[in-house]
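Residue numbers (the numbering used here): 7 to 129.
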Amino acid sequence: MPTELINEKQMRVAGWLMRSLINCHSGPDQKITSDQILHKIRNNGLKMDGGQLREIIGHIRRNDLCAPGFILSDNTGYWYSENVDEMEKVSESEISRALNILKNFKPLRRRVKHLKNQKEAIL
7 MPTELINEKQ
17 MRVAGWLMRS
27 LINCHSGPDQ
37 KITSDQILHK
47 IRNNGLKMDG
57 GQLREIIGHI
67 RRNDLCAPGF
77 ILSDNTGYWY
87 SENVDEMEKV
97 SESEISRALN
107 ILKNFKPLRR
117 RVKHLKNQKE
127 AIL
């Protein structure tokens, strides 16, 4: 699968972020939050928001750039891990989240279609 393109600024941040996670935030007891990451990025003179940060982290993950480890996260922060048990635990949680999103998708689309039909009927 080809690497998805991100811009030069995002590549610099990705490199810094991978080094920082591997060297300083290696394990669930050494998590770093999005706000802390963004604060450090901004202190280095770069403008970035949470969406851009998630895009960079997604790029790193999708392209497996931290092999042999992986950037893991939960609702309290991000960390780097090479621990298979940690990876499996987070993977199971991600699968559960994805399945719940898919379960909600059909009723949501049905509701949107219904409301659009009602709106068109009024016009």
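By construction, the Cβ of each residue, glycine as well, lies at the ideal position given by its N, Cα and C atoms.
Query: Helix, strand or coil: which one does DSSP assign to Gly83?; Result: strand
Query: Please report the straight-line C-alpha distance between Arg115 and Glu98, rounded to a whole angstrom.; Result: 26 Å
Query: I need the DSSP call for Ile12, collapsed to helix, strand or coil.; Result: coil
Query: Let me know if Pro8 comes out buried or exposed under the rule of 16 or more other beta-carbons within 10 Å of its beta-carbon.; Result: Residue confidence is low: Pro8 scores 45 on pLDDT, short of 50, so the model does not pin down where it sits. No coordinate-derived value is stated.
Query: Hey, Ile12 and His45: beta-carbon distance below 8 Å or not?; Result: no
Query: Going by DSSP, name the residue or residues bridged to Ser99.; Result: None; Ser99 has no bridge partner.
Query: Counting C-beta neighbours from all protein chains within 10 Å, is the total for His120 16 or more, i.e. buried, or is it exposed?; Result: exposed
Query: Considering only residues of the same chain and omitting the five flanking positions on each side of Ser102, which have a CB-CB separation below 8 Å?; Result: none
Query: Where does the unbroken alpha helix (DSSP H) through Glu88 begin, and where does it stop?; Result: Segment: none, Glu88 is in no alpha helix (DSSP H) and carries neither H nor E.
Query: For the candidate residues Leu71, Asn89, Val96 and Glu88, whose alpha-carbon lies nearest to that of Met24?; Result: Leu71
Query: Here's the rule I'm using: 16 or more other beta-carbon atoms within 10 Å means buried, otherwise exposed. How should Leu108 be labelled?; Result: exposed
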